[in-house]
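Per our numbering, numbering of the sequence shown is gapless, rising by one per residue and ending at 372.
Notes for the one structure printed next.
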Amino acid sequence: MLAAFGFEALGVVVGDMFFVDPTPNDGQETPERGVRLELRLVDRAAPQGSIYAGIPITFTRPVWRVDLFGSTESPPGTLDRAHHHPRFNGWEPGRRNFVPELSADPVAWLTDQLADPAAVLARSGVDAGEVTEADIAGLAAAAPEIVAAVKRMLDGVRDGELAPAPAEPVAAARTGWL
Numbered sequence: 195m196l197a198a199f200g201f202e203a204l205g206v207v208v209g210d211m212f213f214v215d216p217t218p219n220d221g222q223e224t225p226e227r228g229v230r231l232e233l234r235l236v237d238r239a240a241p242q243g244s245i246y247a248g249i250p251i252t253f254t255r256p257v258w259r260v261d262l263f264g265s266t267e268s269p270p271g272t273l274d275r276a277h278h279h280p281r282f283n284g285w286e287p288g289r290r291n292f293v294p295e296l297s298a299d300p301v302a303w304l305t306d307q308l309a310d311p312a313a314v315l316a317r318s319g320v321d322a323g324e325v326t327e328a329d330i331a332g333l334a335a336a337a338p339e340i341v342a343a344v345k346r347m348l349d350g351v352r353d354g355e356l357a358p359a360p361a362e363p364v365a366a367a368r369t370g371w372l
């Protein structure tokens, strides 16, 4: 499942994921499943044809990522691998950043982060000229709706409806949109 929220030059995408890391960190050898949220830059092109034509919209490079993941060996709904990537180098995320508040209450932590998008963008190294004040205001205003979408997906993962495992055991996997 994929949910997208677009503003002017900034957007948020949210999706369910099942992940098997081929080279896991110590203590993270089991597969993970959960919900990923990415803050991305957005491009909007001119209509491709008449005034009635569709407008190409592209969610481009990510600038911040939150992975609300749990080990597949943990009880459903346990988000024991919740972390975030405060910065990206191009398309590549930086190292996983485990924050005590994020692990204790992932949804509350996410809510707090989305309420202050300017701070998130500053930590991610996004140049202020890449986004608009409308992006900042729009994201902050839409934060409750974004968090509600995350909660619905987390419920779907917990209930076994989202983030399914591959049919056969694999050494590496990444399912979902993100």
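Glycine residues also receive a C-beta, built at the ideal position from the N, C-alpha and C atoms.
Please identify the residue among Val236, Asp349, Pro218 and Pro363 whose C-alpha is closest to the C-alpha of Phe199.
What you label residue 199 is simply residue 5 of the sequence shown in a count that begins at 1. Measuring from the Cα of Phe199, the nearest candidate turns out to be Val236.
Cut-off 7 Å between Cβ atoms - residues of its own chain near Leu281, not counting five sequence neighbours on either side
Taking the sequence shown and counting its residues from 1, one reaches residue 281 at position 87. Position check: residue 281 holds Arg in this sequence, whereas Leu was assumed. These residues qualify, in order along the chain: Gly288, Ser318 and Gly319.
What residue does the beta strand (DSSP E) around Arg317 start on, and which one ends it?
The residue given as residue 317 occupies position 123 in the sequence shown. Unbroken run through Arg317 is the alpha helix (DSSP H), Pro311 to Ser318; no beta strand (DSSP E).
Do Val325 and Glu202 have their C-beta atoms closer together than 9 Å?
As a first step, residue 325 must be located in the sequence shown, where it is residue number 131. As a first step, residue 202 must be located in the sequence shown, where it is residue number 8. Result yes, Cβ atoms of Val325 and Glu202 sit closer than 9 Å.
Kindly list the residues whose CB is nearer than 6 Å to the CB of Arg259, restricted to its own chain and excluding five residues on each side of it in sequence; keep chain order.
On the sequence shown, position 65 is the one that residue 259 refers to. So the list reads Glu232, His279 and Pro287, once near-sequence residues are dropped.
Can you have a look at Val364 and say buried or exposed, based on whether 16 or more other CB atoms are within 10 angstroms of its CB?
Counting from 1 along the sequence shown, the entry for residue 364 is found at position 170. Classification for Val364: exposed.
Is His277 near Val257, with beta carbons less than 9 Å apart?
If you number the sequence shown from 1, residue 277 lands on position 83. If you number the sequence shown from 1, residue 257 lands on position 63. Not in contact: His277 and Val257 (Cβ atoms no closer than 9 Å).
On the three-state DSSP scale, how would you describe Ala239?
Mapped onto the sequence shown, residue 239 falls at position 45. The answer is coil: DSSP assigns Ala239 none of H, G, I, E or B.
Less than 8 Å between the CB atoms is what I'm expecting for Ile249 and Arg238, so what's the real figure, rounded?
Residue mapping note: residue 249 aligns to position 55 of the sequence shown, counting from 1. Residue mapping note: residue 238 aligns to position 44 of the sequence shown, counting from 1. Contact between Ile249 and Arg238 holds: their C-beta atoms lie close to 6 Å from each other, under 8 Å.
Report buried or exposed for Asp353, applying the criterion of at least 16 other Cβ atoms within 10 angstroms of its Cβ.
Indexing the sequence shown from 1 puts residue 353 at position 159. Counting Cβ neighbours within 10 Å, Asp353 comes out exposed, since fewer than 16 surround it.
Enclosing beta strand (DSSP E) for Gly200 [first to last residue]:
By one-based count along the sequence shown, residue 200 stands at place 6. Leu196 to Gly200 is the extent of the beta strand (DSSP E) around Gly200.
Starting from Ser297, follow the alpha helix (DSSP H) in both directions and report where the run begins and ends.
Within the sequence shown, residue 297 is the residue found at index 103, counting from 1. Its alpha helix (DSSP H) spans residues Pro294 to Ala298.
Taking the straight line between their C-alpha atoms, what separation do you get for Ala322 and Gly264?
For this step, residue 322 is matched to residue 128 along the sequence shown. For this step, residue 264 is matched to residue 70 along the sequence shown. C-alpha separation (whole angstroms): 34 Å.
How many angstroms separate the CA atom of Ser268 from the CA atom of Val351?
As a working mapping, residue 268 is identified with position 74 in the sequence shown. As a working mapping, residue 351 is identified with position 157 in the sequence shown. Those two C-alpha atoms are separated by around 13 Å.
CB-CB under 8 Å to Pro358, same chain, minus the five flanking residues each way: which ones, in chain order?
Translated into the one-based positions of the sequence shown, residue 358 becomes position 164. Only Phe212 and Thr369 meet the Cβ criterion.
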